[in-house]
Amino acid sequence: MAAGKINGKIGFEGKTPFLIGVAGGTASGKSTVCKRIMEQLGQVEINQKERQVVTISQDSFYRELTEDEKVKAVKGLYNFDHPDAFNEQLMYQTLKDVLAGQQCKVPVYDYLTNSKCNDQFITIYPADVVLFEGILVFYFPEIRDLFHMKLFVDTDSDTRLARRVPRDINERGRDINQVLQQYMNFVKPAFEEFCLPTKKFADVIIPRGADNIVAIELIVQHIRDFLNRQRTEHVTEFSTFGTHRSPNKQFSRPH
Ligand SMILES: Nc1ncnc2c1ncn2[C@@H]1O[C@H](COP(=O)(O)OP(=O)(O)O)[C@@H](O)[C@H]1O
Ligand SMILES: Nc1ccn([C@@H]2O[C@H](COP(=O)(O)O)[C@@H](O)[C@H]2O)c(=O)n1
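Numbering (our numbering), first residue to last: 27 to 281.
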């Protein structure tokens with residue numbers, strides 16, 4: 027079978043998943059936007075293996091800290107917002123595997139220990155659409171070039187800080203001083219230096235994140251069109267030549 031091409035990008039044998047990058051500052055609503063997209067495509071209630079759309083978080087690719095770095099991290103003195111905090115190679119290889127339609131595993135990340143959970147992985151089953159979300163998903167040129175569509179969630183920094191403080195205290199085991207110290211020393215300057223400049227690479231900027239129902243509906247419609255086109259092409263290929271992958275999983279509209 028000929029290699030697939032989406033937005034001028036060369037794919038692989040069989041169907042190339044549509045890879046969407048979702049960037050934006052901390053607590054801008056990246057995960058929530060991905061969740062809304064999945065909900066609107068009727069994917070949330072479907073079991074993981076059958077899903078047509080999956081989300082991967084960049085947080086799974088934080089690199090392991092040295093003992094010294096662990097001590098700093100506990101005090102809010104480690105920079106988790108610098109590109110060097112991520113394992114770029116593993117991220118790139120994982121996305122290449124995803125694009126090749128391969129099943130893969132990504133580490134489960136634990137914010138309480140600032141490290142991966144030992145022997146715990148999330149299985150990423152082959153899907154037609156893959157969302158990859160994180161603060162620096164557009165930072166690394168080789169990774170950025172893999173995306174077929176790039177979204178930037180643009181929420182003002184006061185709102186983001188107001189969301190981050192309770193989230194980090196309630197869900198990530200931090201205290202208020204630690205959160206504010208980390209924010210002023212690392213999160214804010216790194217956002218300005220590494221994340222915000224990547225907004226220019228976005229195809230679609232989503233002001234106000236998940237509150238922007240119109241933007242999310244437009245993106246969902248674009249994904250639906252892609253999935254429908256893929257299914258139509260697949261039926262034609264399947265009846266003519268046979269194919270490498272099983273027929274696309276069905277997706278449903280929200281009720
Ligand atoms: N539109 C919104 N309105 C209110 N709270 C929101 C909204 N979007 C996200 N949140 C909350 O803000 C926090 C961060 O959102 P999240 O989607 O996890 O951001 P990110 O993935 O960019 O870090 C979460 O507690 C989430 O529930
Ligand atoms: N051990 C860690 C790892 C990351 N962070 C912070 O998480 C932010 C990225 O996640 P979002 O969901 O907010 O996009 C990033 O700003 C890091 O500072 C952390 O605090 N501890």
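The beta carbon of each residue, even a glycine, is placed where N, CA and C say it ideally should be.
For residue i, does the three-state DSSP call read helix, strand or coil?
| i | result |
| --- | --- |
| F106 | coil |
| I249 | helix |
| F173 | coil |
| A228 | coil |
| L45 | strand |
| D184 | helix |
| S57 | helix |
| V79 | strand |
| G235 | helix |
| V240 | helix |
Quick one: is residue i buried, meaning 16 or more other Cβ sit within 10 Å of its Cβ, or exposed?
| i | result |
| --- | --- |
| V70 | exposed |
| R186 | buried |
| D110 | exposed |
| I46 | buried |
| V100 | exposed |
| D201 | exposed |
| V149 | In the sequence as presented, Val is not what sits at residue 149; that position holds Thr. By the 10 Å Cβ count, T149 comes out exposed. |
| P152 | buried |
| T224 | buried |
| D251 | exposed |
| K131 | exposed |
| A188 | exposed |
| V97 | exposed |
Would you say residue i touches ligand 1, meaning its beta carbon is less than 8 Å from a heavy atom?
| i | result |
| --- | --- |
| V205 | no |
| K214 | no |
| D237 | yes |
| R170 | no |
| S57 | yes |
| V156 | no |
| V79 | no |
| V132 | no |
Taking 8 Å as the line, does the beta carbon of residue i fall inside it for any heavy atom of ligand 2?
| i | result |
| --- | --- |
| T52 | yes |
| K122 | no |
| R234 | no |
| F106 | yes |
| R198 | yes |
| I161 | yes |
| S86 | no |
| D110 | no |
| Q208 | yes |
| N140 | yes |
| R62 | no |
| I190 | Checking the displayed sequence, the identity of residue 190 turns out to be Arg instead of Ile. It does: the Cβ of R190 is within 8 Å (strictly closer) of some heavy atom of ligand 2. |
| D194 | yes |
Next on the checklist: My parser needs the beta strand (DSSP E) runs of 3 or more residues fully inside the region 86-163; what are they?
Outcome noted: 130-136, 141-150 and 155-159
Next on the checklist: Restricting to runs no shorter than 4 residues, where is the alpha helix (DSSP H) found entirely within the region 186-219?
Outcome noted: 202-208
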